[in-house]
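Participant:
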Amino acid sequence: MFDKTTMSLHTLPVELVYRVLDYQTDLTIVISMRNVCQRLNKIVDTYSRYQ
1 MFDKTTMSLH
11 TLPVELVYRV
21 LDYQTDLTIV
31 ISMRNVCQRL
41 NKIVDTYSRY
51 Q
């Protein structure tokens with residue numbers, strides 16, 4: 001019937017993660033989002049607020 005799809009930070013499109021980051025303060029991004037995993041590090045590094 002239904003396929004179960006697991007959603008996680010590893011499967012979310014980068015654009016959606018950027019949307020989440022848009023609502024976070026700089027401190028939250030640096031303290032809470034960095035060093036969680038390599039993928040989040042790359043996303044934060046390429047996030048336009050920090051370029």
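Here full-length UniProt numbering is used: the first residue of the sequence shown is 1, the next is one more, and so on.
Quick reminder that beta carbons are idealized off the backbone N, C-alpha and C, glycines included.
Small disclaimer: the values here were computed from a predicted structure and weren't measured.
Using the C-alpha atoms, what's the distance from M7 back to D22?
Facilitator: 20 Å
Participant: Quick one: what's got a C-beta closer than 8 Å to R39's C-beta in the same chain, skipping five residues either side?
Facilitator: L9 and H10
Participant: Express the C-alpha separation of L12 and K42 in angstroms, rounding to a whole number.
Facilitator: 14 Å
Participant: By the 10 Å Cβ neighbour count, where 16 or more other Cβ atoms means buried, how is V14 classified, buried or exposed?
Facilitator: That one is exposed.
Participant: Return the chain-ordered ranges of every alpha helix (DSSP H) run that is complete within the UniProt domain "F-box" (6-51) and spans a minimum of 4 residues.
Facilitator: Complete alpha helix (DSSP H) runs here, min 4: 14-22 and 38-46.
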